[in-house]
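Notes for the one structure printed next.
Residue numbers (my numbering): 1 to 219.
In structure tokens form, the structure reads like this:
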């Protein structure tokens, strides 16, 4: 009886929120919360990048600082967790390696959803081994109101080779989120210029930035 009941139970759904989080802000948190709600996820794992292959800048805070800021920002939400997987990786961070490791940990009994921005979703095409990536997880593209969804449809067709996709077999979903004019780039610039960043990110993250002197001399 128990075996029959478990066989019919729905799969656990885990969201993966990857990013540099340099720094993490309310836009990231709203996106993760919206994914929890719209896709009925059980949890969202925030995955700060360690050594991102496409971002080598002076204004990139250390992996440890970005990890700790993410922990601070998500601490009040019991359905948010933060992983050190990419932070502790000694080599360059590639999303495909992370997805393979997560699939190894959770097995096939879990649905993985990679959450990213609508523009960033197209980076899949430049990933190391994109063909494998789309077999390991599904993707959620966060869009702003008024976004042209035909762009996502064209990417879906490109990756799946079909114009009409059965919803059960879809690998790329769009998700509209509130239009918050907040960006990590703007926050870093404001810190550098000595301007206020209150209400753009959690107070704990703001206090950490000031305490550690982050972004003051970045350019």
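Positions of the beta carbon are idealized from the N, C-alpha and C atoms, including for glycine.
May I have the straight-line CA-CA distance separating residue 182 from residue 136, to the nearest angstrom? Position 182 of the chain shown, counted from the first residue, corresponds to residue 182. Position 136 of the chain shown, counted from the first residue, corresponds to residue 136. Answer to the nearest angstrom: the Cα atoms are 31 Å apart.
For residue 96, the nearest candidate out of 126, 75, 69, 207 (CA to CA): Your numbering for residue 96 matches position 96 in the chain shown. Out of 126, 75, 69, 207, 126 has the C-alpha closest to the C-alpha of residue 96.
In chain order, what are the residue ranges of uninterrupted alpha helix (DSSP H) at least 4 long that sit wholly in the segment 52-83? DSSP runs (the alpha helix (DSSP H)) wholly in the segment 52-83: 63-74.
Report the partner residues of residue 20 according to the DSSP bridge assignment. Within the chain shown, numbered from 1, the residue matching residue 20 stands at position 20. In DSSP, residue 20 forms no bridge with anything.
Using the beta-carbon count (16 or more within 10 Å), is residue 188 buried or exposed? Within the chain shown, the letter at position 188 stands for residue 188. That one is buried.
Less than 6 Å between C-beta atoms, sequence neighbours within five positions excluded: which residues of the same chain meet that for residue 174? Within the chain shown, the letter at position 174 stands for residue 174. 141, 143, 149, 152, listed in sequence order.
Using the C-alpha atoms, what's the distance from residue 192 back to residue 217? For the purposes of this step, residue 217 is identified with residue 217 of the chain shown, where counting begins at 1. For the purposes of this step, residue 192 is identified with residue 192 of the chain shown, where counting begins at 1. Cα to Cα, residue 217 sits roughly 6 Å from residue 192.
Helix, strand or coil, according to DSSP, for residue 102 in the structure here? Residue mapping note: residue 102 aligns to position 102 of the chain shown, counting from 1. Looking at residue 102 - three-state DSSP - the assignment turns out to be helix.
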